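Undergrad: In full-length UniProt numbering, the protein residues as written are 1 to 345.
#1: Rounded to whole angstroms, what is the Cα-Cα separation between residue 185 and residue 174?
#2: Helix, strand or coil: which one does DSSP assign to residue 278?
#3: Nearest to residue 216 by alpha carbon, out of 26, 94, 20?
#4: The alpha helix (DSSP H) that contains residue 245, what's its start and end?
#5: Quick check: the stretch 106-122 against the stretch 242-250, are at least 3 beta-carbon pairs closer than 8 Å?
#6: Let's see if you can read the secondary structure: which residues bound the beta strand (DSSP E) around residue 206?
#7: Here's the rule I'm using: 16 or more other beta-carbon atoms within 10 Å means buried, otherwise exposed. How should residue 222 be labelled?
#8: Determine the direct distance from the alpha carbon of residue 25 to that of residue 252, and round the result to whole angstroms.
#9: For residue 160 and residue 121, which I take to be in contact (beta-carbon distance under 8 Å), what is that distance rounded to the nearest angstrom?
#10: Can you tell me whether residue 250 is buried or exposed, with buried defined as 16 or more other CB within 10 angstroms of its CB?
#11: Going by DSSP, which residues form a beta bridge with residue 150?
#12: Would residue 149 and residue 126 qualify as a contact pair, given that the criterion is a beta-carbon distance under 8 Å?
#13: What's the C-alpha gap between residue 180 and residue 187?
#14: Enumerate in chain order the residues of its own chain whose CB-to-CB distance from residue 283 is below 6 Å, with the five nearest sequence positions on each side excluded.
#15: Which residue or residues does DSSP assign as beta-bridge partners of residue 128?
#16: Which of the three DSSP states, helix, strand or coil, is assigned to residue 212?
#17: Give me the Cα-Cα distance between residue 285 and residue 144, rounded to the nearest whole angstrom.
#18: Measure the Cβ-Cβ separation of residue 124 and residue 167 and say whether it is below 8 Å.
#19: Between the C-alpha atoms of residue 228 and residue 156, what's the straight-line distance to the nearest angstrom?
#20: Go ahead and pull the three-state DSSP assignment for residue 285.
#21: Alpha carbon to alpha carbon, how far is residue 287 from residue 193? Give it in angstroms, no decimals.
#22: Quick check: the Cα distance between residue 235 and residue 275, rounded to an integer number of angstroms?
#23: Suppose you measure from the CA of residue 81 to the CA of residue 266; what does that come to, to the nearest Å?
#24: Give the DSSP-derived three-state secondary structure of residue 260 in the structure shown.
#25: Taking the beta strand (DSSP E) that residue 222 falls in, what are its first and last residues?
#26: Please classify residue 142: does DSSP put it in a helix, a strand, or coil?
#27: Using CA atoms only, rank isn't needed, just tell me which of 202, 104, 248 is closest to residue 210.
#28: Tell me the rounded alpha-carbon separation between residue 119 and residue 106.
#29: Given a threshold of 16 other Cβ atoms within 10 Å of its Cβ, counted over all protein chains shown, does residue 99 qualify as buried or as exposed?
#30: Is the distance from the Cβ of residue 85 to the Cβ of residue 289 below 8 Å?
#31: In angstroms, rounded to a whole number, what distance separates the CA positions of residue 39 and residue 20?
#32: Flag this pair as yes or no: are the beta carbons of residue 278 and residue 164 separated by less than 8 Å?
#33: Are the beta-carbon atoms of residue 280 and residue 291 separated by less than 8 Å?
#34: For residue 114, does the three-state DSSP call read helix, strand or coil?
#35: From the DSSP output, in three-state form, read off residue 272 for me.
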């Protein structure tokens, strides 16, 4: 039997997201309390407590997280938990709903601020970089090397390239990177807006490797990264993000229809930086590769732009080779529509 092995963090060696009490000893010799934490994963804990009690506990954790003014969303002593599966929304451009940017030459890139191929637009906004660290929970939380990570998010107006009518010919703020030996991918973008009904977020999908990223059914995980409120408030006070101020004032992480089940406790990024230098977000993405993804495409009902509800306006024809985009008119003043549905982008 292979011994569980820790991995290095800036604070010291850790296992399943928890620092080793005694870094000089092996994982199996860390003491009873540490062993119990290793034994009870989030899924086992929910099975013991029951879904209702488990959900209440997670919601309480989420509420505590949202009350703090710190932009550091991680604690070194917390147990590593699988990143929750979420909807990819109605604007993924992954082939599941209309256009497929993953089939295009040039999609593998780290700087996603500008469009590529035949498009030439550039998204304007506060500079924003982010790093995702993909871990394989089945392999003792080892870095997942060689995985393809596809990311996308809305622009400063709350619109999505390839779908919103005014920018359906653009493909900016979409890109793929391959995880390095530490399981990391890095992207350069602009800070996304807050549009009606949704907490500020970045979408991502993880595929086993570059060759499989054009096969939607091969994905290992579909999830979203949430951004801390204090950073968002600072960014949205700048020119160009005016509508985000109003939209943000109507939301909390607990009322968001994606992060609301647990307050985004396992999806809230750690963000550093300032307006002059830009902001940098980081998030661990632990994946249980031994289970099937439980979320992904929205299906045919609800969602922003579907029947005019929520999200950026659709309309127009998708790029050649794509399907029909969501219907609905883009709202006045930019950004997504007025009513958010239970299944959001």
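Glycine included, each C-beta is placed from N, C-alpha and C at the ideal position. If you're wondering where the values come from, they're calculated on a predicted model, not measured in any experiment.
TA: In short:
#1: Rounded to the nearest angstrom, the two C-alpha atoms are 14 Å apart.
#2: Residue 278 falls in the strand class under three-state DSSP.
#3: Of 26, 94, 20, the smallest CA-CA separation from residue 216 is found for 94.
#4: Where residue 245 is concerned, the enclosing alpha helix (DSSP H) stretches over 242-249.
#5: Contact between the stretch 242-250 and the stretch 106-122 is absent: fewer than three C-beta pairs spanning the two stretches fall below 8 Å.
#6: Unbroken beta strand (DSSP E) run through residue 206: 201-207.
#7: Flag for residue 222 reads buried.
#8: Here the alpha carbon of residue 252 sits roughly 42 Å from the alpha carbon of residue 25.
#9: Incorrect: roughly 13 Å between the Cβ atoms, too far for contact.
#10: Taking all protein chains in view, the Cβ of residue 250 is surrounded by fewer than 16 other Cβ atoms within 10 Å, so the residue is classified as exposed.
#11: Per DSSP, the beta-bridge partners of residue 150 are 176, 205.
#12: Taking 8 Å as the cut-off, the Cβ atoms of residue 149 and residue 126 do not count as close.
#13: Approximately 13 Å between the Cα atoms of the pair.
#14: Excluding residues within five positions, the ones whose Cβ falls inside 6 Å are 132, 225, 269.
#15: Paired residue(s): 189, 279.
#16: Here DSSP, grouped into helix, strand and coil, assigns residue 212 to helix.
#17: Taking the straight line from one Cα to the other gives about 10 Å.
#18: Note that the C-beta distance between residue 124 and residue 167 is not below 8 Å.
#19: Going by the C-alpha atoms only, they are around 17 Å apart.
#20: Here residue 285 sits in strand by DSSP.
#21: Roughly 27 Å separates the two Cα atoms.
#22: For residue 235 and residue 275, the distance between alpha carbons rounds to 7 Å.
#23: Approximately 7 Å, taken between the alpha carbons.
#24: Looking at residue 260 - three-state DSSP - the assignment turns out to be helix.
#25: Its beta strand (DSSP E) spans residues 221-226.
#26: Strand.
#27: When only C-alpha atoms are compared, the closest one is 104.
#28: Roughly 11 Å between the two C-alpha positions.
#29: Classification of residue 99: buried, given that the 10 Å Cβ count is 16 or more.
#30: No.
#31: Residue confidence for residue 39 is low, a pLDDT of 41 falling below 50, so the modelled location carries little weight and cannot support an answer.
#32: Remark: C-beta atoms of residue 278 and residue 164 do not approach each other more closely than 8 Å.
#33: Cβ atoms of residue 280 and residue 291: not closer than 8 Å.
#34: Three-state result, residue 114: strand.
#35: Of the three classes helix, strand and coil, the one that applies to residue 272 here is strand, per DSSP.
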